[in-house]
Amino acid sequence: MDWYVPNDTEVVRPLRLALGEHLERHAAAGSDVEGAVLAASELITNAIQNSDGPVWVSLDWGRKEPVLTVHDLGTGFTLEGVPEPAIDQVDGRGLMIANHLVSELTVRAKRPGGSSVSAVLPV
Numbered sequence: 090m091d092w093y094v095p096n097d098t099e100v101v102r103p104l105r106l107a108l109g110e111h112l113e114r115h116a117a118a119g120s121d122v123e124g125a126v127l128a129a130s131e132l133i134t135n136a137i138q139n140s141d142g143p144v145w146v147s148l149d150w151g152r153k154e155p156v157l158t159v160h161d162l163g164t165g166f167t168l169e170g171v172p173e174p175a176i177d178q179v180d181g182r183g184l185m186i187a188n189h190l191v192s193e194l195t196v197r198a199k200r201p202g203g204s205s206v207s208a209v210l211p212v
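Given below as structure tokens:
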């Protein structure tokens with residue numbers, strides 16, 4: 090499944106609901122669908138907030154566990170380059186939250202710009 094997402098955080102909620110319904114239908118019994126949906130929501134929101142253009146979201150079931158990939162056209166980053174947020178900082182925890190909820194998280198800076206974040210969802 091693929092979604093083309095405009096740069097607007099208002100689209101995250103309906104996308105989160107659609108993704109949750111899809112995962113509920115296809116996930117193994119007892120899977121952490123809520124955690125997978127929260128992780129996806131954090132990754133999509135992060136991409137929208139840190140890029141100026143649209144975001145492309147892909148869900149691939151080619152493995153035992155599905156892989157959600159979020160592509161953006163922002164400045165690009167690596168996971169090691171993301172600073173830990175200050176205790177009083179309101180935002181900046183999306184990648185940390187997602188990393189704790191998924192089986193595997195991979196971040197790649199793309200050329201000539203942007204990032205690709207892939208998460209193996211534990212469903």
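My numbering applies: residue 90 is where the sequence shown begins, and numbers increase by one. Heads up, the beta-carbon is just placed ideally off N, CA and C, and yes, glycines get one too. Remember, predicted model here, so these are calculated numbers, not experimental data.
Item: Cβ neighbour criterion (16 or more within 10 Å) applied to Gly203; Value: buried
Item: Contact check, Val191 vs Val212, beta carbons under 7 Å; Value: no
Item: Given Leu108 as reference, the closest of Asn135, Asp161, Pro201 and Pro155 once Cα atoms are compared; Value: Pro155
Item: Cα-Cα separation between Gln110 and Gly142, rounded to whole angstroms; Value: The sequence as given places Glu at residue 110; Gln does not occur at that position. One C-alpha to the other measures close to 27 Å.
Item: Beta-carbon proximity check, Leu132 vs Val100, cutoff 7 Å; Value: no
Item: Local conformation of Leu194 per DSSP, three classes; Value: strand
Item: Through-space distance from Ser120 to Leu112, alpha-carbon basis; Value: 9 Å
Item: Bridge-paired residues (DSSP) for Ser120; Value: Answer by DSSP bridge pairing: none, since Ser120 is not bridged.
Item: Per-residue burial, Ala129 [other beta carbons within 10 Å of its own, 16 or more giving buried]; Value: buried
Item: Extent of the continuous beta strand (DSSP E) to which Leu157 belongs; Value: Val156 to Asp161
Item: Backbone CA spacing between Thr164 and Leu157 [nearest angstrom]; Value: 21 Å
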